[in-house]
Amino acid sequence: MQEPDVAPRGSPPKEMRQLNIVQGFNASTKLRLDKVWATAFYEANIPFNILKHPAFINAVRETVRARFPAYLPPSMNAIRTKLLTARKAEMVRQVKELTSNSTEKYGVTICSDGWDNF
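My numbering applies: residue 514 is where the sequence shown begins, and numbers increase by one.
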């Protein structure tokens, strides 16, 4: 059962209330995970603003949602080879799909600025 956001009148603020067993274990687990994530960012020199990027947030949320404790992130080699190649192919497919639709709808105009690239 989830606790209500608004505390009853006269009760102490949420941060001063005693945690139940489940909340206590979750708090210690969150603190441990926060320390592990922070250490990873510090030691790998990952910019902190990545934490605000929607793709990073989505990756973390999907990993948590899957509840797959044996999951290991892909290796560096997998990310820079097969996963990158697959992503590039997907992007090329999307660009071709979008541009082919627009050329059929709007036509094509080729312009030149007169510069010579030789």
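Note that beta-carbon positions come from the ideal geometry of N, C-alpha and C, so glycine has one too.
Contact annotation: residue 561 and residue 569 have beta-carbon atoms that are not nearer than 8 Å. For residue 600, the enclosing alpha helix (DSSP H) begins and ends at 595-619.
C-alpha of residue 542 to C-alpha of residue 593: approximately 32 Å in a straight line. In this structure, residue 586 lies away from residue 596, with their beta-carbon atoms at least 8 Å apart.
If you ignore the 5 residues before and after residue 621, its C-beta comes within less than 7 Å of no other C-beta in its own chain. Per the coordinates, the alpha-carbon of residue 578 lies some 16 Å from the alpha-carbon of residue 567. As the crow flies, the alpha-carbon of residue 576 is around 20 Å from that of residue 557.
Rounded to the nearest whole angstrom, the C-alpha separation of residue 605 and residue 540 is 45 Å.
For the pair residue 601 and residue 608, the Cα-to-Cα distance works out to about 10 Å. Counting only residues of its own chain and dropping the five nearest sequence neighbours on each side, residue 614 has no CB closer than 6 Å to any other CB.
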